[in-house]
Amino acid sequence: MIFYFTATGNSLYAAKYLDKELISIPQAVSGENLIFEDEKIGIVCPVYGHEVPPMVKDFLERADFRTDYFYMVLTYGNRHGGAAELAEKLCMECGIRPAYINVLMMVDNWLPSFDMNEQRGIDKKVEEHLKVIQEDIEKRRHMIAEVTEEDRAAHRQFLENMAKLPEDAWQHLIRIGDECVGCGICVSVCPSASLYLENGKAVHVPGNCQTCLACAHNCPKKAVKLNIPEKNPDARYRNRYISLEEIIRANCREHK
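When you read off a place in the sequence shown, starting at 1, and then add 14, the result is the number in our numbering.
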């Protein structure tokens with residue numbers, strides 16, 4: 015049993031590689047009875063600012079995982095910043111004792127910093143690393159991925175930079191351009207129901223946005239834009255093994 019969070023398909027691809035029983039966190043988190051029991055339970059999700067997305071944190075805090083082997087696989091693109099150590103701390107705060115936490119480098123889809131066309135051309139040995147992780151889990155290996163002082167320093171620097179910004183800065187990251195044709199894809203791929211259609215156009219509602227950029231990456235007209243400069247505004251990304259329909263099934267939620 016794997017619970018996953020995905021925006022562009024990277025974490026869903028990893029989850030599909032590791033198990034057959036998959037449950038979307040955006041679909042599960044709103045449930046009332048969050049008690050889950052299995053011989054092994056995993057979480058597969060990306061890290062934003064070296065930590066799991068807010069929705070994943072909320073899910074870990076609320077859920078009751080009854081298993082002898084709890085593990086996490088954290089996908090990242092450039093630098094994980096000690097993500098495994100930070101996730102372990104979060105788990106312990108939630109009353110969860112993780113047996114295994116590993117990190118997996120994949121395409122970095124953070125548009126302000128990376129050109130998606132360049133990222134596609136980098137061989138990050140994803141399948142090789144996934145095979146190792148799969149073998150570890152099958153053998154019930156107990157391990158938390160190594161974290162260096164350089165990793166910790168990177169996270170401290172990130173927190174210092176964030177402290178200089180308004181607390182809700184990322185809630186106002188995106189805007190809807192005139193290219194919007196009201197197709198509703200951005201609404202369907204948003205895991206937090208932060209978009210809706212009004213008068214044939216998409217509207218973004220700040221407050222619960224996960225800054226996953228699923229809306230920007232999956233908009234066919236590139237009408238979902240950022241309020242800060244992008245590395246390449248013409249390049250977007252979705253994992254080549256994951257369909258748009260799969261992301262919609264994972265993330266579509268009724269607007270609240």
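Note that beta-carbon positions come from the ideal geometry of N, C-alpha and C, so glycine has one too.
Quick caveat, the model's predicted, so the values are computed rather than measured.
Residues that DSSP places opposite residue i in a beta bridge
| i | result |
| --- | --- |
| S25 | In DSSP, S25 forms no bridge with anything. |
| E65 | Y62 |
| D78 | I49 |
| S38 | Y18 |
| E212 | K215 |
| V70 | DSSP, once it has assigned bridges, lists no residue as partnering V70. |
C-alpha distance - residue i paired with residue j, whole-angstrom precision
| i | j | result |
| --- | --- | --- |
| G45 | I55 | 18 Å |
| Y62 | K71 | 12 Å |
| E181 | N175 | 12 Å |
| N8 | Y18 | A query on residue 8 cannot be resolved here, the shown segment of the chain reaching from 15 to 270 and no further. |
| A230 | R250 | 8 Å |
| L36 | A29 | 7 Å |
| R205 | P40 | In the sequence on display, residue 205 carries Pro and not Arg. Answer to the nearest angstrom: the Cα atoms are 6 Å apart. |
| H143 | E99 | 19 Å |
| A77 | N47 | 8 Å |
| C226 | A237 | 16 Å |
| C200 | Q185 | 16 Å |
| N246 | R166 | 29 Å |
| L173 | V219 | 25 Å |
| T162 | R155 | 21 Å |
Helix, strand or coil at residue i according to DSSP, with G and I counted as helix
| i | result |
| --- | --- |
| A207 | coil |
| E160 | coil |
| E193 | coil |
| K270 | Note that K270 scores a pLDDT of 44, beneath 50, so its modelled location is shaky; the value from the coordinates is reported in the next line. Correct three-state label for K270: coil. |
| H169 | helix |
| L258 | helix |
| S127 | coil |
| E244 | coil |
| Y90 | strand |
| N14 | No answer is possible for residue 14: the residues shown for the chain start at 15 and end at 270. |
| Y85 | strand |
| K139 | coil |
| A264 | helix |
| K235 | coil |
| V117 | strand |
Distance cut-off 6 Å: residue i Cβ against heavy atoms of the ligand ADP
| i | result |
| --- | --- |
| T89 | Only the bare structure without any ligand can be found here, which leaves the ligand ADP out of the picture. |
Among the options, the one whose alpha carbon lies nearest that of residue i
| i | options | result |
| --- | --- | --- |
| A21 | C194, E244 and P60 | P60 |
| L118 | V43, M69 and D137 | D137 |
| E164 | S127, M130, V66 and H94 | H94 |
| N92 | V58, L211 and Q133 | Q133 |
| A159 | A97, G214 and M120 | A97 |
| F50 | T89, T81, L209 and L211 | T81 |
| E149 | C197, A228, F79 and Y85 | Y85 |
| E126 | I188, D33 and V43 | Reading off the sequence, residue 126 comes out as Pro, not Glu. Nearest of I188, D33 and V43 to P126, Cα basis: I188. |
| P68 | A113, L104, I190 and K34 | L104 |
Delimiting residues of the beta strand (DSSP E) encompassing residue i
| i | result |
| --- | --- |
| A216 | K215 to H218 |
Range of the contiguous alpha helix (DSSP H) that encloses residue i
| i | result |
| --- | --- |
| L179 | Unbroken run through L179: none, as it is neither H nor E. |
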